[in-house]
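In order, the protein sequences belong to chains A and B.
With our numbering, letter number 69 in the first sequence gets 86, and the count goes up by one each step, no holes.
With our numbering, letter number 12 in the second sequence gets 204, and the count goes up by one each step, no holes.
From the three backbone atoms N, C-alpha and C, an ideal C-beta is built for every residue, glycine too.
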Amino acid sequence: MNYHLATSFEEAARIAANAGGTTRFLAGGTDVLVQMRAGMVLPDDLIDLKAIPGTDAMTQLADGSWQIGVAVPGARLGANADLCRDWPGVVEGMELVGSTQVQGRATLTGNLCNGSPAADSVPGLVAAGATVVITGPEGSRELPVEEVPTGPGKTALNKGELISEIRLPARGDNAGDAYLRFTPRTEMDIAVVGCAVSLRLDGDKIVEARVSLGAVAPTVLLVAEAADAIIGTTLDDAALDALAAAASKAAKPISDKRGSAEYRIEIAGVLAKRAAKIAYGRAKGDNK
Amino acid sequence: MSKHHVTTTVNGDAVEFLADPRETLLDCLRDHVGLTGTKEGCGTGDCGACSVELDGTLVCSCLVLGVEANGKTVNTIEGMASGDALHPLQRKFIEHAALQCGFCTPGILVAAKALLDKNPDPTEEEVRYWLAGNLCRCTGYDKIIRAVMDAAAELREAA
Numbered sequence: 018m019n020y021h022l023a024t025s026f027e028e029a030a031r032i033a034a035n036a037g038g039t040t041r042f043l044a045g046g047t048d049v050l051v052q053m054r055a056g057m058v059l060p061d062d063l064i065d066l067k068a069i070p071g072t073d074a075m076t077q078l079a080d081g082s083w084q085i086g087v088a089v090p091g092a093r094l095g096a097n098a099d100l101c102r103d104w105p106g107v108v109e110g111m112e113l114v115g116s117t118q119v120q121g122r123a124t125l126t127g128n129l130c131n132g133s134p135a136a137d138s139v140p141g142l143v144a145a146g147a148t149v150v151i152t153g154p155e156g157s158r159e160l161p162v163e164e165v166p167t168g169p170g171k172t173a174l175n176k177g178e179l180i181s182e183i184r185l186p187a188r189g190d191n192a193g194d195a196y197l198r199f200t201p202r203t204e205m206d207i208a209v210v211g212c213a214v215s216l217r218l219d220g221d222k223i224v225e226a227r228v229s230l231g232a233v234a235p236t237v238l239l240v241a242e243a244a245d246a247i248i249g250t251t252l253d254d255a256a257l258d259a260l261a262a263a264a265s266k267a268a269k270p271i272s273d274k275r276g277s278a279e280y281r282i283e284i285a286g287v288l289a290k291r292a293a294k295i296a297y298g299r300a301k302g303d304n305k
Numbered sequence: 193m194s195k196h197h198v199t200t201t202v203n204g205d206a207v208e209f210l211a212d213p214r215e216t217l218l219d220c221l222r223d224h225v226g227l228t229g230t231k232e233g234c235g236t237g238d239c240g241a242c243s244v245e246l247d248g249t250l251v252c253s254c255l256v257l258g259v260e261a262n263g264k265t266v267n268t269i270e271g272m273a274s275g276d277a278l279h280p281l282q283r284k285f286i287e288h289a290a291l292q293c294g295f296c297t298p299g300i301l302v303a304a305k306a307l308l309d310k311n312p313d314p315t316e317e318e319v320r321y322w323l324a325g326n327l328c329r330c331t332g333y334d335k336i337i338r339a340v341m342d343a344a345a346e347l348r349e350a351a
């Protein structure tokens, strides 16, 4: 295995594009090293991205939007008070990934590129309307987060392409987000269902919303019908019931050791209701 | 397959070693640096037995490559006591019998110290969540939690 310490994304993309065998990019390494250890993936070329300037930076731009470097670990997201105030749902999703030790290394970008439908940080990014910048041999392009995973363990990245930045839009006023997952244990477990809601209010009325579900389909889903069920409402009981029905209808889960398909469909609706209530409260100024 | 020359600071000492790029930091600490206090449990980041601090951040050394430690600072269990004087956490683990086989103990001590450095007055719940990635198959955890809480109290009095 050749270990490369790239100093620019263009160099990393070039190395990957010219590599003949198996290539992996290394940031936090909490998935790559496990796959290497298990013998599932034995890279011929391992390209470490952490020497590239900016990969460990979190920057809020003048317009209020955020740029998050590909090597920023979860622990640093949670330690950034401004990011926690703007996007608490994104941060709480990432913080559910693994243990304290894993939080010291694991990244949003890695969680996204691992391609797990149950990735805890991805629904929050999707609900937030986050995008990724992709650098490749042909230049760079931007893609919405929901279009990155294409199936379990698969992404829309082509050979030689890698994510070089995550972008979160400006939060703006009267808005909130939240992520909830269901697991049998309270910690160190993988989501049976996950749900993120991001919304904006005008007075008491919801004027914008995005709803995302995890672990109920081959990829994390953006569910427009669930958002439509609460836009224009004050999140009254009828709106919550419509939201739950739309979320359950969108869920197309498998049955496995973590839960049956029927159970996941039911829980998708329950979590959507609860996450929407938290996001609504946060948009109203609740701190929790 | 070329080896990489790695320069690090381990427990305050400048350390150099040659690493195969496939070797983890855990492998390098144990096999090249000769520090065998850090244990390999699962090797996949689930058990926390290999916990060390890398540039002040708690990590599983089995999930870090040795080459990634180049230019960085590593703190291991061997750096915890001051000469013959045990760290209060180490003493409280003995007093509370917070270990049986002891295999998980170095990792738990390193993890608990990282918590108390950051938060000198944690609640029991905070200690339990912080240590959720450190598995112990002997104690049932209660004695470990009591030892950490007691050490935290002693450290606060001494501060």
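Whose C-alpha, out of the options, is nearest the C-alpha of residue i?
i, options, result
"A/S82", "A/D190, A/V237, A/M111 and A/L260", "A/D190"
"A/E279", "A/V209, A/D303, A/V237 and A/A226", "A/V209"
"A/I64", "A/A30, A/L197, A/D303 and A/R291", "A/A30"
"A/K171", "A/K294, A/Y297, A/V237 and A/A79", "A/V237"
"A/I284", "A/I69, A/G71, A/A255 and A/P270", "A/P270"
"A/L59", "A/K67, A/L66 and A/D48", "A/D48"
"A/V114", "A/D103, A/G127 and A/R102", "A/G127"
"B/I337", "B/L347, B/T315, B/R348 and B/C220", "B/T315"
"A/G302", "A/I32, A/D103 and A/M57", "A/D103"
"A/G37", "A/Q77, A/K176, A/I207 and A/D219", "A/K176"
"B/K264", "B/A343, B/E346, B/L246 and B/G233", "B/L246"
"B/F285", "B/C220, B/A304 and B/G275", "B/A304"
"B/V259", "B/S243, B/L221 and B/T228", "B/L221"
"A/D258", "A/A268, A/R291, A/A226 and A/A79", "A/R291"
What are the residues that DSSP puts in a beta bridge with residue i?
i, result
"A/R212", "One detail in the question is off: residue 212 of chain A reads as Cys in this sequence, not Arg. In the DSSP output, where bridge partners are listed per residue, A/C212 has A/L197 and A/L230."
"A/K222", "A/D219"
"A/G170", "Answer by DSSP bridge pairing: none, since A/G170 is not bridged."
"A/L179", "A/T152"
"B/A206", "B/T201"
"B/V340", "For B/V340, which the question treats as bridged, DSSP gives no partner whatsoever."
"B/N267", "B/E245"
"A/W83", "A/Q77 and A/L185"
"B/L308", "None, per the DSSP bridge assignment."
"A/V237", "Looking at the DSSP assignment, A/V237 forms no beta bridge with any residue, so it has no partner."
"A/T42", "Residue identity check: residue 42 of chain A is Phe in the sequence provided, not Thr. A/F42 is bridged to A/I64."
Indicate whether residue i and residue j have their beta-carbon atoms separated by less than 9 Å.
i, j, result
"B/L278", "B/S253", "no"
"B/G340", "B/V319", "Reading the sequence as shown, one finds Val at residue 340 of chain B and not Gly. Taking 9 Å as the Cβ cut-off, B/V340 and B/V319 qualify as a contacting pair."
"A/V89", "A/T124", "yes"
"B/G240", "B/G294", "no"
"A/E182", "A/V143", "no"
"A/A232", "A/R275", "yes"
"A/E112", "A/Q120", "yes"
"A/A289", "A/V228", "yes"
"B/V198", "B/N267", "no"
"A/F42", "A/L22", "no"
If we ignore side chains and look at the alpha-carbon of each, how far apart do residue i and residue j end up?
i, j, result
"A/A17", "A/S215", "This structure gives no information on residue 17 of chain A, because the portion of chain A shown stretches from 18 to 305."
"A/T203", "A/S116", "12 Å"
"A/E155", "B/A351", "58 Å"
"B/P280", "A/A261", "52 Å"
"A/L306", "A/A192", "No answer is possible for residue 306 of chain A: it lies beyond the span of chain A, which begins at 18 and ends at 305."
"A/D273", "A/K266", "19 Å"
"A/P140", "A/C130", "13 Å"
"A/L100", "A/G91", "12 Å"
"A/V224", "B/A261", "49 Å"
"A/A34", "A/G249", "48 Å"
"B/C330", "B/L323", "15 Å"
"B/P312", "A/S277", "43 Å"
"A/A55", "B/G237", "12 Å"
"A/G286", "A/A293", "11 Å"
"B/D342", "B/D309", "15 Å"
"A/R158", "A/T152", "7 Å"
"B/G233", "A/D254", "50 Å"
What does a CB cutoff of less than 7 Å around residue i pick up in its chain, not counting 5 residues either side in sequence?
i, result
"A/P235", "P134, G168 and P169"
"A/S25", "I69"
"B/K335", "H288, A289 and A290"
"A/T251", "D221 and K222"
"A/G46", "R122"
"B/L255", "G237"
"B/G235", "C254"
Which residues in the same chain as residue i place their Cβ atom closer than 8 Å to its Cβ, once the five residues preceding and following it in sequence are excluded?
i, result
"B/Q282", "M272, A273 and L301"
"B/L257", "A211, P213, R214, E215, T216 and L217"
"A/M75", "W83, Q84, I85, G86, V89, R93, L94, N97 and L100"
"A/N19", "D61, D62 and L63"
Going by beta carbon distance, what residues of the same chain come within less than 6 Å of residue i, once the five residues before and after it are set aside?
i, result
"A/E242", "A263"
"A/I295", "A195"
"B/T297", "L291"
"A/P161", "T148"
"A/L218", "N191 and A300"
In chain D, which residues lie with their C-beta within 8 Å of the C-beta of residue i?
i, result
"B/P213", "Among the chains of the structure shown, chain D does not appear; the protein chains present are A and B."
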